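If you read the sequences in order, they're chains H and R. With the numbering used here applied, the first sequence corresponds to residues 20 to 205, in that order. With the numbering used here applied, the second sequence corresponds to residues 20 to 205, in that order.
Number of protein chains: 2
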Amino acid sequence: MRQQRDGRKARGDKRRQEIIEATLRVIERDGVAGVTHRTVAAEAGVPTTSTTYHFSSLNDLLIATLISCAQDMATEVYWMIDRARSRGSRGADEVAALLAAALGPHRGRTMAEYELYLLAARRPELRPAARRWLDVLTSMVRPDDLVALRAFLAGIDGLLIQGLIDDEPPKADELRPVVDHLLQPR
Amino acid sequence: MRQQRDGRKARGDKRRQEIIEATLRVIERDGVAGVTHRTVAAEAGVPTTSTTYHFSSLNDLLIATLISCAQDMATEVYWMIDRARSRGSRGADEVAALLAAALGPHRGRTMAEYELYLLAARRPELRPAARRWLDVLTSMVRPDDLVALRAFLAGIDGLLIQGLIDDEPPKADELRPVVDHLLQPR
DNA sequence: CATGTTGTGGGACGATCGTTCAGGTACCTT
DNA sequence: AAGGTACCTGAACGATCGTCCCACAACATG
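Below is the structure:
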């Protein structure tokens, strides 16, 4: 009978997920360079060999982390666009607030996302996962809006990356004019 | 007398520069993660200890490489903007062509630049160097154009980063409409 | 020529790395 | 109860890492 999951597999999957989450925390803290079997295991509170058992190599661990991360990112940006639309001409406020949050409280997470993003540039097998959130958004708009959306999303990426090397995170007020400029139709 | 440079220092500076250039080649090929004293030394054709002598730590080597890299980048983008301006409404063609080149023939170099860029996000001492090219461009425009320039530069960054995870580099023709959209005044 | 300075490079040290292995435990199937 | 499967983990291996040390050569300075 398969009504009940295999207890062993259930615990295995749970630990697997915990390892992935620990990996993301390590990347937020120390970057991709800080990801080793030992640091991840310590962060997750499991023995070192546990990470090698569940992920056949460090590469697989990074791939799994990127996929998990991209999934979250896609849904997050999806709802951001959705809320911004519902606010009509005040959509720029919504976007600027989210950018400010990504560069302030969630700065580590934002850095982690872009590091994984760049990792995908070097490893073709990671690219579909990294592209997913872009594809999700592309499917949201009418085809004739595509150029405007591409320009807008590119601007978002640029503002985030440039914001990461500011000495102190830019406030929503500083970002709003630029976001507004990016959103304005022509 | 100081008419003639110290022969020893002259050779030292030359080797120092060769090591920096070798470091950039290593980053282009294997990423920042591939930078070790040994790989850089092998790339430069010098003994391992030579890199530790000229750079007190691996960190210093990366800093020096970023500074050198940012310098080149600033001048390159400076002239791009200059040429684009001189072509008036056809400026988008110039920009799109440069982006296509950055994502095609110079893909490794572009990846290296953004990896160093992200490194600056984690190390405050690197940020002034990483920001330099942004500052140079900011000083090129009238203050009232600042928002438009910020949006444009952010869009450029976004297009480059997104182009890095495409399975094959986007052509200038595909980039031109988006660049044109970013350049259009409102 | 003597002395100090600067660059060169071979060798080695301890630390950390990814990964493997073998023995053990917990659970499911029959 | 027996056997198979899936998960767990301590110990260890060889490789590679950053860095240091020291002897030496090249050059400048007195």
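We put the beta carbon where it would ideally sit given N, CA and C, even for glycine. Bear in mind that the values here come from a model prediction, so they are computed numbers and not experimental data.
* **Separation of Phe74 (chain H) from Thr84 (chain H), as counted between CA atoms** => Numbered from its first residue, the first sequence carries residue 84 (chain H) at position 65. Numbered from its first residue, the first sequence carries residue 74 (chain H) at position 55. Using only the alpha carbons, I get a separation of about 11 Å.
* Contacts of Gly174 (chain H) in chain R (Cβ-Cβ under 7 Å) -> Here residue 174 (chain H) refers to the residue found at position 155 when the first sequence is read from its first residue. The contacting residues are Ala170, Ala173, Gly174, Gly177.
* Between the Cα of Val198 (chain R) and the Cα atoms of R:Trp152, R:Ser108, R:Asp186, which residue gives the shortest distance? -> Position 179 of the second sequence, counted from the first residue, corresponds to residue 198 (chain R). That would be R:Ser108, whose Cα lies nearest to the Cα of Val198 (chain R).
* Output the distance between the C-alpha atoms of Ala119 (chain R) and Gln203 (chain R), rounded to the nearest integer angstrom. => The residue labelled residue 119 (chain R) in the question sits at position 100 within the second sequence. The residue labelled residue 203 (chain R) in the question sits at position 184 within the second sequence. Answer to the nearest angstrom: the Cα atoms are 20 Å apart.
* Ile86 (chain H) lies in the alpha helix (DSSP H); which residues open and close that run? -> Reading the first sequence from its first residue, position 67 is the one you call residue 86 (chain H). Element bounds for Ile86 (chain H): 77-105.
* Asked: In terms of residue numbering, what span does the alpha helix (DSSP H) encompassing Gln181 (chain R) cover?
  -> For the purposes of this step, residue 181 (chain R) is identified with residue 162 of the second sequence, where counting begins at 1. Judged by DSSP secondary structure, Gln181 (chain R) falls within the alpha helix (DSSP H) whose first and last residues are 165-183.
* Is the CB of Met20 (chain H) under 7 Å away from at least one CB in chain R? -> Here residue 20 (chain H) refers to the residue found at position 1 when the first sequence is read from its first residue. At Met20 (chain H) the pLDDT is 37, less than 50, meaning the model places this residue with poor confidence; the figure from the coordinates comes in the next sentence. Chain R contact via Cβ: absent.
* Answer with buried or exposed for Pro188 (chain H), where buried requires no fewer than 16 other C-beta atoms within 10 angstroms of its C-beta. => As a working mapping, residue 188 (chain H) is identified with position 169 in the first sequence. Counting Cβ neighbours within 10 Å, Pro188 (chain H) comes out buried, since at least 16 surround it.
* chain H partners of Pro196 (chain R), CB-CB under 7 Å? -> For the purposes of this step, residue 196 (chain R) is taken as residue 177 along the second sequence, with counting starting at 1. What Pro196 (chain R) touches in chain H: Val166.
* **C-alpha distance - Leu156 (chain H) paired with Tyr97 (chain H), whole-angstrom precision** => On the first sequence, residue 156 (chain H) is found 137 positions in, with the first residue counted as 1. On the first sequence, residue 97 (chain H) is found 78 positions in, with the first residue counted as 1. Distance between the alpha carbons of Leu156 (chain H) and Tyr97 (chain H): 7 Å.
* Asked: Within 10 angstroms of its Cβ, does Arg169 (chain H) collect 16 or more other Cβ (buried), or is it exposed?
  -> Within the first sequence, the letter at position 150 stands for residue 169 (chain H). The residue in question, Arg169 (chain H), is buried, as its Cβ has 16 or more Cβ neighbours within 10 Å.
* To do: Could you tell me whether the Cβ of Tyr133 (chain R) comes closer than 7 Å to any Cβ of chain H?
  => For this step, residue 133 (chain R) is matched to residue 114 along the second sequence. Answer yes: the Cβ-Cβ gap between Tyr133 (chain R) and chain H drops below 7 Å somewhere.
* Within 10 angstroms of the Cβ of Gly177 (chain H), are there 16 or more other Cβ atoms? Answer buried if so, exposed if not. => For the purposes of this step, residue 177 (chain H) is identified with residue 158 of the first sequence, where counting begins at 1. Buried is the call here.
* Thinking just about the alpha-carbon of each residue, which of H:Asp163, H:Tyr136, H:Arg161, H:Pro162 is nearest to the one in Arg151 (chain H)? -> In the first sequence, counting from the first residue as 1, residue 151 (chain H) sits at position 132. Minimum Cα distance to Arg151 (chain H) is reached at H:Tyr136.
* **Cα-Cα separation, Met20 (chain H) to Thr58 (chain H)** => The residue labelled residue 20 (chain H) in the question sits at position 1 within the first sequence. The residue labelled residue 58 (chain H) in the question sits at position 39 within the first sequence. Confidence in Met20 (chain H) is poor, its pLDDT being 37 and thus under 50, which makes the residue's placement too unreliable to answer from.
* Please decide whether Met159 (chain H) counts as near chain R, where near means a Cβ-Cβ distance under 7 Å. => For the purposes of this step, residue 159 (chain H) is identified with residue 140 of the first sequence, where counting begins at 1. Chain R contact via Cβ: absent.
* To do: Below 8 Å CB to CB, which residues in the same chain sit around Leu165 (chain R) once its five sequence neighbours on both sides are set aside?
  => By one-based count along the second sequence, residue 165 (chain R) stands at place 146. The answer, listed in chain order, is Thr157.
* Asked: Relative to chain H, which residues along the region 28-55 of chain R have a C-beta separation below 9 Å, given in chain order?
  -> Asp49, Gly50, Val51, Ala52
* Asked: Touching or not, the region 113-131 of chain R and the region 28-38 of chain R, by the rule of three or more beta carbon pairs under 8 Å?
  -> no
* Asked: Can you name the residues of chain R whose CB is closer than 7 Å to the CB of Ala139 (chain H)?
  -> Residue numbering aside, residue 139 (chain H) sits at position 120 when the first sequence is read from its first letter. By Cβ distance, chain R contributes Ile184.
* **Cutoff 7 Å: Ala116 (chain R) Cβ touching any chain H Cβ** => Mapped onto the second sequence, residue 116 (chain R) falls at position 97. Ala116 (chain R) does not count as touching chain H.
* Asked: Which same chain residues, not among the five before or five after Leu201 (chain H), have their C-beta less than 6 Å away from its C-beta?
  -> As a position in the first sequence, residue 201 (chain H) is number 182, starting the count at 1. Cβ within range, chain order: Phe171, Gly174.
* To do: Quick one: give me the first and last residue of the alpha helix (DSSP H) that Thr129 (chain R) is part of.
  => Translated into the one-based positions of the second sequence, residue 129 (chain R) becomes position 110. Element bounds for Thr129 (chain R): 126-141.
* CB contact flag (Ala140 (chain R), Ile184 (chain H), <7 Å) -> As a working mapping, residue 140 (chain R) is identified with position 121 in the second sequence. As a working mapping, residue 184 (chain H) is identified with position 165 in the first sequence. Cβ distance < 7 Å, so Ala140 (chain R) and Ile184 (chain H) count as in contact.
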